[in-house]
Amino acid sequence: MRSYRSQDLPPVEVVTDKFRAVAQNFFSLPVTILFELKAAQQAEDGTDLLLLFEAATMAFEAKDVARLKELNIRDFLNVIHAWVNFDKGD
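This note's numbering numbers the first residue of the sequence shown as 28 and each following residue consecutively.
Dropping the structure here:
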């Protein structure tokens, strides 16, 4: 398995039918984001959406975050899916 230092991970282009932007690679974010997401998913209280948005604010430029705020929840989740799975061609 190959491993990369987070600072070596290049930015990624995130493209959906409603959104297009360049972001910091999801896998370069602090691992605590994953721990918090897992806990939020287990709590099933909707805070996972807030954490995903927080992660996006860390990775996208401010102008793109403003555009993310305008999306509906489904389109926002499509952006997150495209961002996390950028290398799978989805």
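Quick reminder that beta carbons are idealized off the backbone N, C-alpha and C, glycines included.
Given the structure is predicted, the values throughout are model-derived calculations rather than measurements.
Taking 8 Å as the limit between beta carbons, can you name the residues of its chain near residue i, skipping five residues before and five after?
i, result
"Thr84", "Val92"
Quick one: residues in its chain with C-beta nearer than 6 Å to the C-beta of residue i, no 5 flanking neighbours on either side, listed in chain order?
i, result
"Glu40", "Val49"
"Gln43", "The sequence shown places Thr at residue 43, rather than the Gln named in the question. Within the same chain, Thr43 has close Cβ partners Asn105, Val106, Ala109."
Residue i by DSSP, collapsed to three states: which one?
i, result
"Phe87", "strand"
"Glu40", "strand"
"Val58", "coil"
Give me the residue from the options with the minimum Cα distance to residue i.
i, options, result
"Pro57", "Leu98, Phe103, Ala82", "Ala82"
"Thr74", "Ile60, Ser55, Asp114", "Ile60"
Thinking C-beta only, is residue j closer than 9 Å to residue i?
i, j, result
"Asn99", "Phe46", "no"
"Phe62", "Leu36", "no"
"Asn52", "Ala86", "yes"
"Leu79", "Phe103", "yes"
Take residue i and list the residues in its own chain whose beta-carbon comes closer than 7 Å to its own, dropping the five residues that flank it on each side.
i, result
"Lys65", "none"
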